[in-house]
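*Asks:*
Residue numbers (UniProt numbering): 1 to 1083.
(1) What residue does the alpha helix (DSSP H) around residue 977 start on, and which one ends it?
(2) Using only the alpha-carbon positions, how far apart do residue 944 and residue 744 sit?
(3) Is it the case that the stretch 843–860 contacts the stretch 745–763, given that we only count it when at least three CB pairs across the two stretches are under 8 Å?
(4) Quick check: what's the CA-CA separation for residue 291 versus residue 197?
(5) For residue 1060, does the count of other Cβ atoms within 10 angstroms reach 16, so buried, or fall short, so exposed?
(6) Kindly indicate the opening and closing residues of the beta strand (DSSP E) around residue 438.
(7) At a cut of 8 Å, does the stretch 919–939 reach the stretch 734–741 through at least three beta carbon pairs?
(8) Please report the residue range of the alpha helix (DSSP H) in which residue 658 lies.
(9) Tell me whether the stretch 992–1011 and the stretch 598–613 touch, counting them as touching only if at least three CB pairs, one residue from each stretch, are closer than 8 Å.
(10) Using the three-state DSSP reduction, which class does residue 799 fall into: helix, strand or coil?
(11) According to the Cβ coordinates, are residue 850 and residue 903 closer than 8 Å?
(12) Rounding to the nearest angstrom, what Cα-Cα distance links residue 88 and residue 69 in this structure?
(13) Per DSSP, residue 936 is paired with what?
(14) To the nearest angstrom, how far is the alpha carbon of residue 232 from that of residue 238?
(15) Here's the rule: buried if 16 or more other CB atoms are within 10 angstroms of the residue's CB, otherwise exposed. What is residue 20?
(16) When the distance is taken between beta carbons, is residue 561 closer than 8 Å to residue 435?
(17) Name the residue from 641, 335, 714, 977 whose alpha carbon lies nearest to the alpha carbon of residue 500.
(18) To the nearest angstrom, how far is the alpha carbon of residue 824 from that of residue 707?
(19) Going by DSSP in three states, residue 351 sits in which element: helix, strand or coil?
(20) Which partner residues does residue 816 have in the DSSP bridge list?
(21) Taking DSSP as the reference, what is the three-state secondary structure of residue 448?
(22) Flag this pair as yes or no: are the beta carbons of residue 114 and residue 168 separated by less than 8 Å?
(23) Would you call residue 236 buried or exposed, if buried means 16 or more other Cβ atoms sit within 10 Å of its Cβ?
(24) Under the rule that 16 or more other beta-carbon atoms within 10 Å means buried, what is residue 363, buried or exposed?
(25) Which residues in the same chain as residue 555 place their Cβ atom closer than 6 Å to its Cβ, once the five residues preceding and following it in sequence are excluded?
(26) Would you give the residue range spanned by the beta strand (DSSP E) that residue 1084 belongs to?
(27) From 154, 557, 838, 288, pick the residue whose C-alpha is nearest to that of residue 498; which is it?
(28) Kindly indicate which residue of 440, 439, 421, 409 has the alpha-carbon position closest to the one of residue 469.
(29) Let me know the secondary structure DSSP gives residue 171 once reduced to three states.
(30) Under a Cβ-count criterion, where at least 16 other Cβ atoms within 10 Å of its own Cβ denotes burial, should residue 572 be classed as buried or exposed?
(31) Check residue 1026 in the structure and name its three-state DSSP category.
(32) Please list the segments of the alpha helix (DSSP H) lying wholly inside the stretch 49–83, counting only runs of 4 or more residues, in order along the chain.
(33) By the three-class DSSP mapping on this structure, what secondary structure does residue 419 have?
(34) Mapping DSSP to helix, strand and coil, what is residue 968?
(35) Under 8 Å: do the stretch 514–533 and the stretch 338–352 share three or more Cβ pairs, one atom per stretch?
(36) Is residue 521 helix, strand or coil by DSSP?
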C-alpha cells in the first residue's frame, strides 16, 4: 500500500519497559497537590513538621548570653544617641514581655551579649528583636547600623564577625520608636486617627544561629511554588514546578528535615532554578531582559506620623539599604526627596557618609530632582519651579550631579505644565504609577510621551506592576509583562520593589526572590526576565534613544494626567491650603522688593538669601503630597502650623527690611490721606494697577458720587446692591438676580439663586480625607438663611449686605456680599463675597453654587502657568470622572460673547455641570485627622461677569484679588515710582504676558548662599509666561535700572541664548503657554 516500513524484530522490550504492570498508579489530582504546598512553609498546624523551624538552628536567650536594660526618654522626646547615653541616664533592667509606650515615645535599650565557644564558628549569627514597632541598631560608640520594622518583618541584625569572639561581652544599643511602620492607628485600619496611648510589647530578644541552606530553600520553594500556582495550567512549566515542589517536600520528609536532606532539597530546586541563584552570577549572561529591577523606599515625608519621625525613618531605611548594597553585588537603590537627604546630612553623619560612598560607586542613586515628592495640583507655578531649583541644586552641590528623571510615584494627579517645567529643570523623563488607582477609567498607556500645554514633552513610564512598593514576588515580575499596555511600541518596564510609604525599602528576601525569578526565566522560560544592577537612568536612556532615533514612536498624551480618585484633597485641611497660598504670595513680594532694594536701596542692604531659602524650603516641605492635600494625621498640621508661623514671621520681617531699604516708612505709620503727595500704592504685579479702585486705606472721603455703589433694603431679607455696571438682588440669603447693566443681560436662570450654600453627605468608599465620590452629589441640600440680615455698609466705596446662615446646631456662616465703585473703562465689575464660617460637622461637604444661562461644553480653570479646559457634561465615563476638579485663582464659563468668572483667595476644588458653577469650601472627614477643618474659617471669593469670552481681564483680576496692594509713605515718591516701574511689560505688550517672578540670581556674588560656586556680577532673574494660550510678544521695561546683558535661561539659570537689548528694554516672544526665564546682568 505504500508508506510501510519494515519494523525491527530484535527490540529487547523487557530491558527498558516491564511487560507486566507492577502496581496501580493514578493521575495526580492537581489542585490537591497544589494546596499541599502551603504545609511546607506556613505557620499553621503543621509548622513544626515543615521548613520554618529549621531556619533557626539554635537560640540564646539566657541572661548569661544576652542582658537587656532600658532608658525611657522623657515625654515624647526623641533624644539623639549622645543624649540617650549620657552617664547620668539610668538604664534599668528589662526583659521580653514588658510593654513600652505611650505612642510616639522613645526608649533606648542597651544590649550586652557574649557568645559561647561553639557559636563563634556558626555560619551566621543574628540578633532577633521584635517589639512590633520601629527601631534602630546602634554601635556602642554611636554609629547607626540598621533599622528594624517589627511585627515579624526585618527583625534580624547580623552579628558581624568582629563581635563573635569567644566569651567576650559586646554592647550595642537599640533605639525603640513607639510607632509602627504606619504610625499608631488603633486596630487594623491604618488610616484611623492614631491612638495616643498605644503600648508595644517586646516579644523577641535573642541571639539566633541560622541555617543558611534552610533559609535559601525557603525562597527556592516560595518562587517555584508561585510558578506552580501562577503559570498557566496548560504549560509544561507549571506542571514541572508542581512536581519539583512535591519532590522537595517528599525528600525533606524522607530525610526527617536533616541538614543533609535540606541540601538535597536545594539540589532538586536547582533543576528548575538553575545553579547560579545563590549569587549575582545569575544575571551574568547575554539573555535579553525586558524588566529592570530597581530597589526603592518610598518614605512619606509626613503622613500617619509627624515630620520628626520621618527623620528617623530616613536614617533607618537608608542604613538598611547601605547594608544590603554591601552584601548583594547586583542591588541598586534609588531614593528621591532632597529634604530627606538634607535631614540625613544634618542628624546622622555616619549614615550620610555611607550613603555618599555608595552614591559615588553608583549603587545608591539619587533621583527625582525635587525638594520633596510634592503635590502638583495645588502649589503655584513658581512653587513647582522651586521644587526643582532647590532639589537639583542640593543634589548637584552634594553629589556633583543633577537628576534627569522626575520621580513622583504617589501623588494625586499631575499638572498639565509639569512636562515643560521638567524640561526646563534638566529632566526629560518622568516616572509614576498612581493613575493605576483610578476608580472609573483604566489609563491606556504604560510608556508614552506626555505633552505639556506649550508642546514640551517628556517620556513617561508607569510601572505595569502598578506599584512602587512591589514585594518582588513572582506575580510582580509576571504582571510587569501581562499588564503592560504599550507593548506595541516597547515591551520593557521598570519593577520598583521595596517596602514603602512608611519606609524600610527592599529586604534581603526581595533580592533573593528576584534571583530565583531570573533563574526560572533562564532555565525553563515563560516568566519574563528581570535584570538587576542597572539604574532608572539606564532604563530611560534606552527609551530615549529609541525615541530619538525614530526606532519607536511612542503614543502621546496631551495635558493633565487627571487622577480619578482623591478628589477631596482639593479641599480638605482648608487652613493649611490658605497658609500655602499666602506664603507663596508673601515670597513673591519679598523677592520683588528685595531685588529692587539691592539695586537702588540703602548701601548696606544685603539680599536676604539665607532667609528666603529657609522660607522656600519650609513652604516646599509643606507641599509634600500628603501634607498640602490634607491627607495626614493631625500632628502633621500642628507641625505645619508652626512651620508657617515661622515663615510668616520671617517673611514679614525681611519684607519690612526691604521696604525700609527702599525708603518706605514702616507699616505702623498712620494711614495717609489721598492728598498727601508721599502716599504710594505698592504694585508687585507686572501691569499698571494705578487706574484701578484705590485701596480702602487711602480713601477717607465720605460723600457719595455717581460712581459710588448703593445699598437698599426693600423688606426683611430683601436687598439691592448696585453700581453703574451691576445690579444685585438678594433674597432668602442668596443672590436672586445678577443683572449686567452695560450688557443688558440677566445672568441667572429664572427661579435660581447664586451664592447659594449647599451641603452634601460625604462618605467616600474608604479614603475619608482623600476622596469624594460621585454619589455624594445625590445628597444635595440647600441651606436656608436665618431671618436676620442687614446692610453692613453703604459708603463712598462699598455697598454690602450681611447675612447669617445656620448649618446645624454647631455650625453657621456669616456672609458679606459687596460691590464697589464703578471700575475704570474696560474693567469688569465684581461682586465680592466674604464668609466667616464656624464649622463643626461630621462627614459633610459645604459648597457654594452659581447658576448661569451660559452654554459651553467646556469650562476653563487656572492651572500653574496656564489654563486647563474640562468638560461641563457627562457624555463619557472620562467626562463624568471629572465631577470635581482642581483650579487655582479662578474658574470661568464663557460662550462666544459673554462669561462668568469665579475668583477665590484660598480654594482649589471646583465643578461646572452644564451652566452651574460650584466652588468647594469645606469638608469634615474624620480620618486620619478626626479634627480636620473643625473651627473658624475666613473665605473670600468673587463673581465677575464679563462681556466677551475669557481673556486677560479674568487672569489679571484674579491676581489682584489675591495680591492686595500695600500703601506706604515715601519721601521721594517720584523716584520710588520709577524704580517700581522696572521689570514690567509696556502698554503695547500682549496682555496675556505675565511677569510672575522677579528675583536675584541664585549664585550672584552678593547674594549666594554658598552651596554652589559663586558667579561674578549681579543678575536679576525674571520668570515670564503666556497666560492665555497664544503666541505673545512684549517688551519688558527696565525703568531706571541699567542692564548690561540679557540671556534666556532654564529655571536652573543655565544660560541657553544671549538676547539683544533695545532702547525700550527686552523684547520677548513666547509660544502659547510658554514659561520663559530671563537672566539680566546689571551694569
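A virtual CB, placed ideally from N, CA and C, is assigned to each residue, including glycine.
*Replies:* Let me lay it out:
(1) For residue 977, the enclosing alpha helix (DSSP H) starts and ends at 973–980.
(2) Linking residue 944 to residue 744 through their CA atoms gives a straight-line distance of about 15 Å.
(3) Output reads yes: the stretch 843–860 touches the stretch 745–763.
(4) Taking C-alpha positions only, residue 291 is separated from residue 197 by approximately 45 Å.
(5) By the beta-carbon neighbour count (other beta carbons within 10 angstroms, threshold 16), residue 1060 is exposed.
(6) Taken as a continuous stretch (DSSP letters only), residue 438 belongs to no beta strand (DSSP E), as it is neither H nor E.
(7) Touching, no, given that fewer than three Cβ pairs across the two stretches are closer than 8 Å.
(8) In the DSSP assignment, residue 658 falls within the alpha helix (DSSP H) that extends over 634–661.
(9) Proximity of the stretch 992–1011 to the stretch 598–613 meets the contact definition, three or more beta-carbon pairs being nearer than 8 Å.
(10) Three-state DSSP puts residue 799 in a strand.
(11) For residue 850 and residue 903, no; Cβs fall outside 8 Å.
(12) The alpha-carbon separation between residue 88 and residue 69 amounts to approximately 15 Å.
(13) Residue 936 is bridged to 838.
(14) Answer to the nearest angstrom: the Cα atoms are 6 Å apart.
(15) Exposed, by the Cβ-count rule.
(16) In this structure, residue 561 lies closer than 8 Å to residue 435 by Cβ.
(17) Of the candidates 641, 335, 714, 977, the one whose C-alpha sits nearest the C-alpha of residue 500 is 335.
(18) C-alpha separation (whole angstroms): 10 Å.
(19) Shown here, residue 351 sits in a helix according to DSSP, grouped into three states.
(20) According to DSSP, residue 816 shares a beta bridge with 802, 834.
(21) It is a strand residue.
(22) Their beta carbons are under 8 Å apart, which means residue 114 touches residue 168 by this criterion.
(23) The residue in question, residue 236, is exposed, as its Cβ has fewer than 16 Cβ neighbours within 10 Å.
(24) Of the other Cβ atoms in all chains shown, 16 or more fall within 10 Å of the Cβ of residue 363; this residue is therefore buried.
(25) These residues qualify, in order along the chain: 445, 448.
(26) Beyond the ends of the chain as shown, which are 1 and 1083, falls residue 1084; an answer cannot be given.
(27) Comparing Cα-Cα distances from residue 498 to each of 154, 557, 838, 288, the minimum goes to 154.
(28) Answer by Cα proximity: 409.
(29) The answer is strand: DSSP assigns residue 171 an E or B state.
(30) Buried, by the Cβ-count rule.
(31) For residue 1026, the three-state secondary structure derived from DSSP is strand.
(32) The qualifying runs are 52–55.
(33) Residue 419 falls in the helix class under three-state DSSP.
(34) In this structure, DSSP gives residue 968 an extended state, which the three-state scheme calls strand.
(35) Pairwise C-beta distances place the stretch 514–533 out of contact with the stretch 338–352, as fewer than three of them are shorter than 8 Å.
(36) The three-state secondary structure of residue 521, taken from DSSP, is helix.
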